[in-house]
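For reference, the structure discussed in these notes is given below.
In the numbering used here, the protein residues as written are 365 to 690.
See below:
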């Protein structure tokens, strides 16, 4: 059950609302996309999110909200708008409000550690989602094994290349070099395909922003006319790459592989130049994170790690995803 000490919550919450950092009320929202509520004796759980532009994070929020409703949890979602410092501030604010648990989708997995330690020392349960925060302050990690999934993507590309008769495909990578997770996806993919004879001809930085990724991918396509494959490490990178392939009329000379479905990626699959997309299940990640936070607050033993598997989506299995990405 939730902790009983509530003396400073009203003051802290009023201060935070006045500064615009958090929003009140489950089912409501403010301009930053935050949502939360007054929970009485319900466990109070704060979810520190990266942004609410990407479909991935909105799906995660939906899963978290569903679990909160089912488990009678008072959930507050904070949108950091891609700012690591704001994530740290949000965790501190949840501590000051004496929340019972915090769920964090970390931007900076090293920079977040002091804040999660403060939360743990204050008695909050801590759940990390997606990005791996390697800290004893984290009770449970929820999400995809990005290294294993990147290897799975690499194996898929290797088999595809073999089927096409490509013994030494030339691969360009559109990454997000400021993202710990996407660097894992890049590095383990590269090792897997290089081990089978492929050559990584160039890596460009999309900065985890669609517009920057499109420009980077366009430059890649222009400078590497010998390239067979482009691999994109995340949703903005894949969106930018799909747009770049179209703008450069390159659909007849490269195949695109990447992470995280969107409407545009599905269109690329239908048009034949997107060959495979690693699809995570962010809704389940958010759902499991809130369930685990509720269990921890109630005294359950931490599961430590909750793995959520991925699916590689191709033309053969894309249909069930169409309704989600209309």
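Don't be surprised by glycine CBs; every beta carbon is placed ideally from N, CA and C.
Everything numeric in this text was worked out from a predicted model, so none of it was measured.
Quick one: grab the DSSP three-state call for residue i.
i	result
residue 483	helix
residue 402	Any reading at residue 402 needs caution, since the residue's pLDDT is 48, under 50, leaving its predicted position unreliable; the model's value is listed next. It is coil, neither helix nor strand.
residue 408	strand
residue 419	helix
residue 589	coil
residue 612	coil
residue 559	helix
residue 666	coil
residue 433	helix
residue 391	Residue confidence is low: residue 391 scores 35 on pLDDT, short of 50, so the model does not pin down where it sits. No coordinate-derived value is stated.
residue 606	helix
residue 687	coil
residue 501	coil
residue 682	coil
residue 584	helix
Return yes when the Cβ of residue j is within less than 9 angstroms of the Cβ of residue i, no when it is not.
i	j	result
residue 483	residue 455	yes
residue 670	residue 516	no
residue 496	residue 536	no
residue 583	residue 542	no
residue 547	residue 559	no
residue 426	residue 650	yes
residue 644	residue 507	yes
residue 407	residue 438	yes
residue 596	residue 570	yes
residue 512	residue 552	yes
residue 689	residue 639	no
residue 623	residue 594	no
residue 452	residue 533	no
With respect to the alpha helix (DSSP H) encompassing residue i, which residues constitute its N-terminal and C-terminal limits?
i	result
residue 654	646 to 661
Using DSSP's beta-bridge definition, name the partner residues of residue i.
i	result
residue 507	671
residue 458	Answer is none; residue 458 lacks a bridge partner.
residue 443	413
residue 438	408
residue 318	Nothing can be reported for residue 318: it is not among the residues displayed for the chain, which extend from 365 to 690.
residue 569	539
residue 596	538, 622
Along the chain, where does the beta strand (DSSP E) containing residue i start, and where does it finish?
i	result
residue 633	From DSSP, residue 633 is part of no beta strand (DSSP E) but of the alpha helix (DSSP H) over 627 to 635.
residue 470	Residue 470 -> no beta strand (DSSP E), and no H or E assigned at all.
residue 621	619 to 623
residue 638	638 to 643
residue 490	489 to 493
Along the chain, which unbroken stretches of the beta strand (DSSP E) at least 3 residues long are found entirely within the stretch 513 to 553? 534 to 539
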